[in-house]
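K.L.:
This is the structure, below, for whatever I ask next.
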Amino acid sequence: MSILTLFVVIPVLMLVGLWLAKNDNQVRGVMVVGASALLGLAIWLTITFIQMRHAGNTELMLFTYSTPWFAPLNIAYSVGVDGISVVMLLLSAVIVFTGTFASWQLEPMKKEYFLWFVLLSIGVFGFFISTDLFTMFMFYEVALIPMYLLIGVWGTGPKEYAAMKLTLMLMGGSALLILGILGIYYFSGATTMNINEIAALHNIPVAVQKVFFPFIFIGFGVLGALFPFHTWSPDGHASAPTAVSMLHAGVLMKLGGYGCFRIAMYLLPEAAQQLSWIFLVLTTCSVVYGALAACVQTDLKYINAYSSVSHCGMVLFALCMMTQTAITGAVLQMLSHGLMTALFFACIGMIYHRAGTRDVRYLGGLMKVLPFLSVSYVIAGLANLGLPGFSGFVAEMTIFVGSFQNADTFHRVCTIIACTSIVVTAVYILRVVGKILFQKVPNKKFFELHDATWDERLAIGGLIFCVAGLGLFPLWASNVISGAVAPIINHIMSTTAAAL
Amino acid sequence: MEYSYAFLILLLPFLSFLVLGLCGMKMKKPVAGFIGTIMLGSLFAMSLYTAYEYFFVIGRDAATGLYPTVTVFNFTWLKFTELLTFNIGFRLTPISVMMLIVITTVSFMVHIYSFGYMAERDDKYKFEEYEHGFQRFYAYLSLFTMSMLGLVVATNIFQMYMFWELVGVCSYLLIGFYYPKHSAVHASKKAFIVTRFADLFFLIGILFFSYYVGTFNYDMNANPELIGKLASVAAKYSWLLPSALFLMFIGGAGKSAMFPLHIWLPDAMEGPTPVSALIHAATMVVAGVYQVASLFPIWVQYAPNQLHWVAYIAAFTSFYAAAVACCQSDIKRGLAFSTISQIAYMLVALGVSYAVDNHEGGLGYMAGMFHLFTHAMFKALLFLCSGAIIVIIGSNFKQYMGGLHKYMPITNICFLIGCIAISGVWPLAGFFSKDEIVSACFEFSPFMGWFMTLVSGMTAFYMFRLYYVIFWGQSYYELDPENRKKPGEVPFVMWGPLVFLAIVSIFAGWIPFGHFVSATGQSMEIGLQHFEFTSVAWFSLLAAAIGIGLATWMYLPKNNPVPDMLAKKMPRLHKAALNRFYIDDAWQFFTHKIVFGCFSKPIAWFDRHVIDGTFNFMAWSAQEAGETIRPWQSGDVRSYAAWFLTGTVALTLILLCILS
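Residue numbers (the working numbering), protein chains in the order written: chain A, 204 to 703; chain B, 446 to 1105.
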């Protein structure tokens, strides 16, 4: 049995523990123990992974394990990790850990809330460790369903509408996805659903690839906020409770980018080469469009949701650029966006919880009354606009340098258009910071607000530590990722070269 | 290993930022201040020692006769591709050593000065929204110093860009330091966004440069292989280097406030005055000049024409800013426009160069750097003096001043020294550096030379106008001595740095600067320092004299009607100059009307109504379809039976028809 299975087993044990828990403190205890175990496991995995790579282990996937699950259809429970999945697991563990503390004081029905929360994390972890198409899809679905209840029950505002919209749009994406997966499975003629084996086989006709590539890319793209399928994001994020927004924007949206790369581009390489220009146009739109739309929003969560559209658009944009550096940047951006947007949503949720509004027109002068949260908000903002020293800078610069390796005018123009987002990002971030944190306190009631409690400080402090850590010492992450990207991108490029 | 302590020059301010940022709020004010100041004092000492070691102990390389380029350390911070690695390093060249001195000197003085200034301001700002200003201020100053030092010792263009962004954000934080004030928040936002906009071009320039040249390095001395690479790139893509360099220059123009990207700098005066002295006069705003100077060999060799564009842009800026400075009533804004004008001088000096040669075509390089050095000293002095005045008066506006020479004698003398120095009067610092610039301009073209001489006359005029309206003329206090606070001299922590900088401003001109910094690196003499007055020198002295004379005639006498009369004679010109020729309105128009109005709002609307509408419509049609079909499933057995019967009959009939 592979050590990776623990990523699924621990949350399952947590479910049992939560089910048995009798009061709030027991629930919290189970969550803290479980989330810490996951975080510890993820850190251990990262370190071991790096050591094994240093020791010269060059296999595509490490810690692999496979056992048949449904033999007639060749479905197997097969797991394995490469550099990309390792950092994604680390990200997920960090977000689950901090999300636990961010929902420390959640009311009502804490136990039920955490049950769904853990179920969602099972899906996320399972997705990142799987190497089997069908198992991956199953975990993907497991991650989507709890979202409906988490938003519908514990959300705010027009929560039923938001939950329904989010679930339906993502389900629509899944429908495309299952078609695409079946298409890949049947046309590859494989006797396995293992991704790496299908890729090695590489015998899907190009015409078929071109049919199924859009299915999978759009299917995952819906989750990765691909323009124009992103509109679930503003409503969904705005209605979701704090920790759910964190987990959703922080990790779940990353499933989209990960899937696009791991399944769509890896298994359908020729189609990826030939059709990427269409998606490049769409994602360039995403990047600029999301940023511009964020400039005029008045709800803090809408601003951040559109900002996520822009930043996740950057992930898909970089994938479509199809160079090793750009894709490394895409994964770095997933990591970086996951951390900083979780930080952002945590701050917003805590401010909302206190001030009772998220409308920038009614907020102001919070720096005086909530110094800790405000400083964290400024840090999140600066990380978001790509300040050096935080993770955003590293990711964006890698993407831009990588995109520029494509020497033709079309890619150049797209890159330059995408670059302009760094200015627009500054506009909307500073607008909000200037409005809600600085200037005078508009409402006497705000003077009675209390700053963050210890559990909130822990959640925020942890995220800031990660954002700054990745921003100050990016080399290890970049090396781990680009080591994993290299074989895949070489595979994509070499197959096309052979076809030509 | 020489310079083995160099990493401390970056690490110490960073640590002090962390300490002050994380625990500063729990410290007492003086403790936080002392931590910052002691750290900077040691940086100052280290920089002086580095300069001493670099120029005098190790000195020129025996083989080449040049000061060597020393890369103290250079480690890989991030790896993009095999060729393109993002290094962070520490590089010493004559100009980076000079910048170390400039930054740490001014920063050290500002740290000391701020003890007095910020304490005074803290007392005044004791309204409820404002807290922990002192500690926060020192934390930001440390961060800024670190970033600025990182910028000047950059070994490659990407490191420069990285620290470039960091100084931008420090500038943002410090301009918006008094965050309860609306104007401060607005100004900080504007500063950041305008410079970010310019940085976008810098980034694109870097991307082009690095892709084709295959490296981020720009220093041909440290990386000899660069010479060949540049030559082959220039041969293959003739458009590349000029465009890339010019794009990078746009980034520099944003930071160095060149027209029309200068609009943020006057508003940046919302920040505390020590910050204006450090960031917005002496160090950060010259980053653009430093960038052009760092890339100077590439500019001259591969893009000489574009370099002259830089000169024209800068020349226009210097004239424009001088014209606006003549009418400002806010003393800090007046100084800000003067800064814009003087930085433009430096860029003109670099821009008029056309060869790497100390005398023929390359004089501007040395002159620009020299002016950067002297200007940093006297402009910091002027700003700190104005800070002293503002603390005492409690306002930035000239109508509350006047006649202060009686009450603030030390500040008066120091400000006067600063004014004389900037006006270019022998034997103070500004005379030498400015005169070299004007000589370089005359070498380039007589028009440029006369034009810059004119601007130097204007400089003298607006500086002395400022001086007279502050220290002479009708005293605001004396008009109503009973109700108004009597002005007095500032405490020693504030006038001490003033005196120090004043002394530097007097003598800096006599430094044999050409020995240390010159276009070729070979030692060169500055003739004026040996009393070899050329006709150019006489002309600029004459221009300064005219400017000073005019200002004396107009502003020294109490209640002189001449200035008002002139303003009335030319109402439109005066109003336009007062409103900075409406460039700020253009900026407002651009952001609000174009970006928000033409893009953001329609896009947000489109998103909510068209895209979201489509999905809502799909959901709605599914629902409607359901609603339509639902009555059919009524649960009523009789209607089911009726339907069943009708269906059977109909089917039977159809079957019969088909069969028959």
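Beta carbons: idealized from backbone N, C-alpha and C, even for Gly.
(1) Taking A:Val484 as the reference, give the member of A:Phe613, A:Tyr565 and A:Tyr631 with the closest Cα.
(2) On the three-pair Cβ rule with 8 Å, is the segment 593-603 of chain A touching the segment 507-519 of chain B?
(3) Check A:Leu652 in the structure and name its three-state DSSP category.
(4) Check the Cβ of A:Thr528 against every Cβ in chain B and list those closer than 7 Å, keeping chain order.
(5) Would you kindly report the start and end of the unbroken alpha helix (DSSP H) that includes A:Pro271?
(6) With a floor of 3 residues, list each beta strand (DSSP E) that falls wholly inside the segment 500-579 of chain B, ordered by position along the chain.
(7) Please report whether the beta-carbon of A:Phe443 lies at a distance below 8 Å from any beta-carbon of chain B.
(8) Using a cut-off of 9 Å between C-beta atoms, extract the partners of B:Met472 located in chain A.
(9) I'd like the list of long-range same chain contacts for A:Thr501, defined as Cβ closer than 8 Å, with 5 residues on each side in sequence excluded.
(10) Given that B:Arg505 touches chain A, what residues does it touch there, using C-beta distances under 7 Å?
(11) B:Val755 and B:Leu792: beta carbons closer than 8 Å?
(12) Please confirm if B:Met607 has its CB atom under 8 Å from at least one CB of chain A.
(13) Along the segment 583-601 of chain A, where does the CB come closer than 9 Å to a CB of chain B? Name the residues.
(14) Do A:Gly493 and A:Ser479 have their C-beta atoms within less than 8 Å of each other?
(15) Relative to the C-alpha of B:Tyr817, which candidate in B:Phe452, B:Val731 and B:Phe877 has its C-alpha closest?
(16) Is A:Cys617 close to chain B? Criterion is C-beta to C-beta, closer than 8 Å.
(17) In whole angstroms, give me the CA-to-CA distance for A:Gly605 and B:Tyr757.
(18) In the segment 521-551 of chain B, which residues sit with their C-beta less than 9 Å from some C-beta in chain A, listed in chain order?
(19) When the Cα atoms are used, what is the spatial distance from B:Tyr799 to B:Pro717?
(20) Taking DSSP as the reference, what is the three-state secondary structure of A:Val212?
(21) Drop a sphere of 10 angstroms on the beta-carbon of B:Ile548, count the other beta-carbons inside from all chains shown, and report buried for 16 or more, exposed for fewer.
(22) For A:Ala279, name the three-state secondary structure that DSSP assigns.
(23) Which same chain residues, not among the five before or five after B:Cys771, have their C-beta less than 8 Å away from its C-beta?
(24) Might you give, ordered along the chain, the residues of its own chain that have their beta carbon closer than 7 Å to the beta carbon of A:Val289, omitting 5 neighbours on each side?
(25) Return the CA-CA distance between A:Gly392 and A:Ile695, expressed in angstroms with no decimal places.
(26) Below 6 Å CB to CB, which residues in the same chain sit around A:Thr301 once its five sequence neighbours on both sides are set aside?
(27) What's the C-alpha gap between B:Glu574 and B:Met470?
(28) Given that A:Gly637 touches chain B, what residues does it touch there, using C-beta distances under 7 Å?
(29) Taking the alpha carbon of A:Thr338 as the point to measure from, which residue in A:Met367, A:Gly355, A:Val299 and A:Ile398 has its own alpha carbon closest?
(30) Which chain B residues are close to A:Ser697, counting only those with a beta carbon under 8 Å from its beta carbon?
(31) With a 10 Å radius around its C-beta and 16 neighbouring C-beta atoms as the bar for buried, classify B:Cys615 as buried or exposed.
(32) Starting from B:Asp1057 and walking both ways along the alpha helix (DSSP H), at which residues does that stretch end?
(33) Compute the Euclidean distance between the alpha carbons of B:His725 and B:Ala713, then round it to the nearest angstrom.
(34) How would you list, in chain order, the residues of chain B whose beta-carbon sits under 9 Å from the beta-carbon of A:Gly664?
(35) Taking buried to mean at least 16 other C-beta atoms within 10 Å of its own C-beta, is B:Ser878 buried or exposed?
(36) Just checking: is the beta-carbon of B:Asp1052 within a distance shorter than 8 Å of some beta-carbon in chain A?
P.N.:
So, from the listed chains and residues:
(1) Numbered from 1 along the first sequence, position 281 holds the residue referred to as residue 484 of chain A. It is A:Phe613 whose Cα lies nearest to the Cα of A:Val484.
(2) Contact fails: fewer than three Cβ-Cβ distances are below 8 Å.
(3) Start at 1 with the first residue of the first sequence, and residue 652 of chain A comes out as number 449. Assignment of A:Leu652 by DSSP, reduced to helix, strand and coil, places it in the coil class.
(4) Here residue 528 of chain A refers to the residue found at position 325 of the first sequence. Correct list: Phe525 and Thr526.
(5) Counted from its first residue, the first sequence places residue 271 of chain A at position 68. DSSP places A:Pro271 in no alpha helix (DSSP H) but in the uninterrupted beta strand (DSSP E) bounded by Leu265 to Phe273.
(6) When DSSP assignments are scanned along the segment 500-579 of chain B, the uninterrupted stretches of beta strand (DSSP E) that are 3 or more residues long and fall wholly within it turn out to be 515-524 and 530-537.
(7) Locating residue 443 of chain A in the first sequence gives position 240, where the first residue counts as 1. It is Ala, not Phe, that sits at residue 443 of chain A in the sequence shown. A:Ala443 has a beta carbon lying at 8 Å or more from every beta carbon in chain B.
(8) Position 27 of the second sequence, counted from the first residue, corresponds to residue 472 of chain B. Correct list: empty, because the minimum Cβ distance to chain A is about 15 Å.
(9) Residue numbering aside, residue 501 of chain A sits at position 298 when the first sequence is read from its first letter. Listed in chain order, the non-local C-beta contacts of A:Thr501 below 8 Å within the same chain comprise Asp562, Val563 and Arg564, local neighbours out to five positions each way being set aside.
(10) The residue labelled residue 505 of chain B in the question sits at position 60 within the second sequence. Residues of chain A whose Cβ lies closer than 7 Å to the Cβ of B:Arg505 do not exist; the shortest such Cβ separation is about 35 Å.
(11) Against the second sequence, residue 755 of chain B aligns to sequence position 310. Against the second sequence, residue 792 of chain B aligns to sequence position 347. A contact, by the Cβ cut-off of 8 Å.
(12) Residue mapping note: residue 607 of chain B aligns to position 162 of the second sequence, counting from 1. It does: the Cβ of B:Met607 has a partner Cβ on chain A nearer than 8 Å.
(13) Listed by position, the residues of the segment 583-601 of chain A near chain B (Cβ gap below 9 Å) are Leu585, Leu588, Gly589, Leu590, Pro591, Gly592, Phe596, Val597, Met600 and Thr601.
(14) To locate residue 493 of chain A, count along the first sequence from 1; it is residue 290. To locate residue 479 of chain A, count along the first sequence from 1; it is residue 276. Their beta carbons are not under 8 Å apart, which means A:Gly493 does not touch A:Ser479 by this criterion.
(15) Counting from 1 along the second sequence, the entry for residue 817 of chain B is found at position 372. Correcting the residue type first, residue 817 of chain B is Leu in the shown sequence and not Tyr. The shortest C-alpha separation from B:Leu817 is found at B:Val731.
(16) Within the first sequence, the letter at position 414 stands for residue 617 of chain A. For A:Cys617, the answer is no, since every Cβ of chain B falls outside 8 Å of its Cβ.
(17) For the purposes of this step, residue 605 of chain A is taken as the residue at position 402 of the first sequence. For the purposes of this step, residue 757 of chain B is taken as the residue at position 312 of the second sequence. If you draw a straight line from the Cα of A:Gly605 to the Cα of B:Tyr757, it is about 35 Å long.
(18) The residues in question are Thr521, Trp522, Leu523, Lys524, Phe525, Thr526, Leu529 and Phe531.
(19) The count along the second sequence starts at 1 and reaches residue 799 of chain B at position 354. The count along the second sequence starts at 1 and reaches residue 717 of chain B at position 272. C-alpha separation (whole angstroms): 40 Å.
(20) Residue numbering aside, residue 212 of chain A sits at position 9 when the first sequence is read from its first letter. Assigned with DSSP and collapsed to three states, A:Val212 falls in helix.
(21) Taking the first residue of the second sequence as position 1, residue 548 of chain B is located at position 103. Here B:Ile548 is buried. Its C-beta has 16 or more other C-beta atoms within 10 Å.
(22) Position 76 of the first sequence, counting from 1, holds the residue named residue 279 of chain A. In the three-state scheme derived from DSSP, where H, G and I count as helix and E and B as strand, A:Ala279 is classed as strand.
(23) The residue given as residue 771 of chain B occupies position 326 in the second sequence. Excluding five sequence positions before and after B:Cys771, the CB atoms of its chain that fall closer than 8 Å to its own CB belong to Met903, Phe906, Tyr907, Arg910 and Ala1022, given in chain order.
(24) The residue you call residue 289 of chain A lines up with position 86 of the first sequence. Here the set comprises Leu248, Thr249, Phe252 and Val683.
(25) Position 189 of the first sequence, counted from the first residue, corresponds to residue 392 of chain A. Position 492 of the first sequence, counted from the first residue, corresponds to residue 695 of chain A. Whole-angstrom Cα-Cα distance: 19 Å.
(26) Taking the first sequence and counting its residues from 1, the one referred to as residue 301 of chain A is at position 98. Excluding sequence positions up to five before and after A:Thr301, its CB lies within less than 6 Å of the CB of Ala662, Gly665 and Leu666, all in the same chain and listed in chain order.
(27) Your numbering for residue 574 of chain B matches position 129 in the second sequence. Your numbering for residue 470 of chain B matches position 25 in the second sequence. The predicted model places B:Glu574 with a pLDDT of 43, which falls under 50 and marks its position as unreliable, so this point remains unresolved.
(28) Mapped onto the first sequence, residue 637 of chain A falls at position 434. Correct list: Val630 and Lys634.
(29) Position 135 of the first sequence holds residue 338 of chain A. Of the residues A:Met367, A:Gly355, A:Val299 and A:Ile398, the one whose Cα lies closest to the Cα of A:Thr338 is A:Ile398.
(30) Here residue 697 of chain A refers to the residue found at position 494 of the first sequence. What A:Ser697 touches in chain B: nothing, since even the nearest Cβ is about 18 Å away.
(31) Within the second sequence, numbered from 1, the residue matching residue 615 of chain B stands at position 170. B:Cys615 should be labelled buried.
(32) On the second sequence, residue 1057 of chain B is found 612 positions in, with the first residue counted as 1. Note, B:Asp1057: alpha helix (DSSP H), Asp1057 to Ile1074.
(33) The residue given as residue 725 of chain B occupies position 280 in the second sequence. The residue given as residue 713 of chain B occupies position 268 in the second sequence. Straight-line Cα distance between these residues: approximately 8 Å.
(34) Here residue 664 of chain A refers to the residue found at position 461 when the first sequence is read from its first residue. Below the 9 Å Cβ cutoff, chain B contributes no neighbours of A:Gly664, its closest Cβ being approximately 11 Å away.
(35) The sequence position of residue 878 of chain B within the second sequence is 433, counting from 1. With 16 or more other Cβ atoms within 10 Å, it is buried.
(36) For the purposes of this step, residue 1052 of chain B is identified with residue 607 of the second sequence, where counting begins at 1. The C-beta of B:Asp1052 comes closer than 8 Å to at least one C-beta of chain A.
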